[in-house]
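One structure below.
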Amino acid sequence: MGTVFSFDVRGGEPEAVQAALAEAVAQLHAVDRVFSTYREDSQISRLARGELTVDGCDPEVAEVLELCAEAERLSDGWFSTRYAGLIDPTGMVKGWAVERVARHLVAAGASGVSVNGGGDVQMYGVPGPHRPWRVGVSDPLRPGGLAAVVSAAGVDELAVATSGSAERGTHIVDPRTGRSAVTDLVAVTVVGPRITWADAWATAAFAMGSRQALTWLESLPDVEALLITAGDEVRCTGGLANRLG
Numbered sequence: 001m002g003t004v005f006s007f008d009v010r011g012g013e014p015e016a017v018q019a020a021l022a023e024a025v026a027q028l029h030a031v032d033r034v035f036s037t038y039r040e041d042s043q044i045s046r047l048a049r050g051e052l053t054v055d056g057c058d059p060e061v062a063e064v065l066e067l068c069a070e071a072e073r074l075s076d077g078w079f080s081t082r083y084a085g086l087i088d089p090t091g092m093v094k095g096w097a098v099e100r101v102a103r104h105l106v107a108a109g110a111s112g113v114s115v116n117g118g119g120d121v122q123m124y125g126v127p128g129p130h131r132p133w134r135v136g137v138s139d140p141l142r143p144g145g146l147a148a149v150v151s152a153a154g155v156d157e158l159a160v161a162t163s164g165s166a167e168r169g170t171h172i173v174d175p176r177t178g179r180s181a182v183t184d185l186v187a188v189t190v191v192g193p194r195i196t197w198a199d200a201w202a203t204a205a206f207a208m209g210s211r212q213a214l215t216w217l218e219s220l221p222d223v224e225a226l227l228i229t230a231g232d233e234v235r236c237t238g239g240l241a242n243r244l245g
């Protein structure tokens with residue numbers, strides 16, 4: 001998927017967890033083969049060219065496209081499944097894949113799991129007794145610094161996803177113009193139970209701009225967010241403070 005994945009797995013029976021970890025890595029490579037828009041022979045590329053139907057693809061393709069359609073509906077079109085007129089579920093696939101392999105490791109008996117896919121993190125359980133998972137949020141305007149630290153204290157599952165222009169430039173597209181999204185934002189971090197949705201919401205919110213995004217994010221259940229503008233203004237949802245520490 002053009003990015004780095006890392007795993008932090010605690011507890012469980014070592015052989016079972018090692019086997020599950022190998023399976024998780026294999027799953028991620030399989031997802032890339034099916035969904036990559038850079039591979040001419042991927043099912044998504046062939047679907048976009050009309051060489052396959054959804055029914056002719058692996059069942060995961062229909063699952064992801066249904067999630068994309070739901071994200072598009074809930075974001076009023078700010079999340080889109082299309083790029084340059086072609087099917088492109090890129091904004092959903094990474095988060096979905098991270099969540100899926102994290103759940104796989106939990107099912108194998110791990111007591112604490114943190115999977116990081118390109119900076120988007122899904123956490124389950126705890127890393128140790130009386131110690132919650134914690135995730136640092138990079139400061140987009142001060143390289144090497146942190147804008148916040150998110151804590152999973154008190155919950156069994158938590159996800160943190162960030163979309164922005166600091167590291168990858170203007171790679172997020174405004175679905176209403178088809179061009180790069182130009183807003184007052186440099187980063188949006190979304191916190192919620194599932195990385196599948198947190199990642200999608202961060203992407204959509206960035207395209208909206210800070211004022212509209214904050215109002216929309218406040219309306220979503222179980223979602224908190226931190227927004228940073230190019231003018232170094234920090235805006236956040238009302239309950240974010242409860243997740244910092």
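Here the numbering used here is used: the first residue of the sequence shown is 1, the next is one more, and so on.
Backbone N, C-alpha and C fix where the C-beta goes; we use that ideal spot for every residue, glycine too.
Limits of the unbroken beta strand (DSSP E) element including residue i
i: Ala148; result: 146-151
i: Gly185; result: Correcting the residue identity first, residue 185 is Leu in this sequence and not Gly. Looking at the DSSP string, the run of the beta strand (DSSP E) that includes Leu185 is 185-192.
i: Ala161; result: 157-164
i: Arg10; result: 5-10
i: Glu224; result: 224-229
i: Arg235; result: 234-236
i: Met123; result: 120-125
Cβ of residue i within 8 Å of any chain C Cβ
i: Gly178; result: Absent here is chain C; the protein component of the structure consists of one chain.
Residue i classed as buried or exposed, judged by whether at least 16 other C-beta atoms fall within 10 angstroms
i: Ala30; result: exposed
i: Ser165; result: buried
i: Tyr38; result: exposed
i: Gly118; result: buried
i: Val137; result: buried
i: Glu40; result: exposed
i: Asn116; result: buried
i: Ala241; result: exposed
i: Gly192; result: buried
i: Ser75; result: buried
i: Leu105; result: buried
i: Gln18; result: exposed
i: Asp120; result: buried
i: Ala213; result: buried
Residues near residue i by beta carbon distance below 7 Å, same chain, minus five either side
i: Glu99; result: Gln122, Arg194, Ile195, Thr196
i: Gly11; result: Ala110, Ser111, Gly112
i: Arg292; result: Lying outside 1 to 245, the shown extent of the chain, residue 292 is not represented and no answer is given.
i: Val4; result: Gly118
i: Thr203; result: Phe79, Gly91, Ser163, Ile172
Through-space distance from residue j to residue i, alpha-carbon basis
i: Gly112; j: Leu28; result: 20 Å
i: Arg82; j: Arg49; result: 13 Å
i: Arg179; j: Ala207; result: 11 Å
i: Val173; j: Ala181; result: 5 Å
i: Glu60; j: Thr53; result: 13 Å
i: Gly2; j: Glu23; result: 20 Å
i: Thr162; j: Arg211; result: 17 Å
i: Tyr124; j: Glu157; result: 4 Å
i: Leu67; j: Ala230; result: 31 Å
i: Ala71; j: Pro221; result: 14 Å
i: Asp55; j: Leu217; result: 34 Å
i: Pro140; j: Val188; result: 10 Å
i: Arg69; j: Val190; result: Correcting the residue type first, residue 69 is Ala in the shown sequence and not Arg. Spanning the two alpha carbons is a distance of roughly 20 Å.
Distance between beta carbons of residue j and residue i, contact taken as under 8 Å
i: Gly95; j: Asp8; result: Their Cβ separation, rounded to whole angstroms, is 18 Å, which puts Gly95 and Asp8 out of contact at 8 Å.
i: Leu244; j: Ala148; result: 6 Å
i: Val150; j: Val135; result: 5 Å
i: Thr215; j: Glu224; result: The Cβ separation is near 14 Å, so there is no contact.
The alpha helix (DSSP H) enclosing residue i, as first and last residue numbers
i: Asp61; result: Correcting the residue identity first, residue 61 is Val in this sequence and not Asp. Element bounds for Val61: 59-74.
i: Val106; result: 90-107
i: Asp139; result: Unbroken run through Asp139: none, as it is neither H nor E.
i: Val113; result: Element bounds for Val113: not the alpha helix (DSSP H) but the beta strand (DSSP E), 112-117.
i: Ser210; result: 210-219
i: Glu40; result: Neither: Glu40 is in no alpha helix (DSSP H) and is coded neither H nor E.
i: Arg33; result: 14-35
Spatial neighbours of residue i in its chain, beta-carbon cut-off 8 Å, leaving aside the 5 residues before and after
i: Val64; result: Phe35, Pro89, Met92, Val93, Trp96
i: Pro127; result: Asp8, Arg10, Gly112, Ser114, Trp133
i: Gly77; result: Pro175, Arg176
Proximity test, residue i beta-carbon vs the ligand FMN heavy atom, cut-off 7 Å
i: Ala202; result: Absence of the ligand FMN from the depicted structure is noted, as is the absence of any ligand whatsoever, leaving it without description.
Close Cβ partners of residue i (< 6 Å) along its chain, the five nearest in sequence each way excluded
i: Ala152; result: Met123, Pro132, Trp133, Leu158
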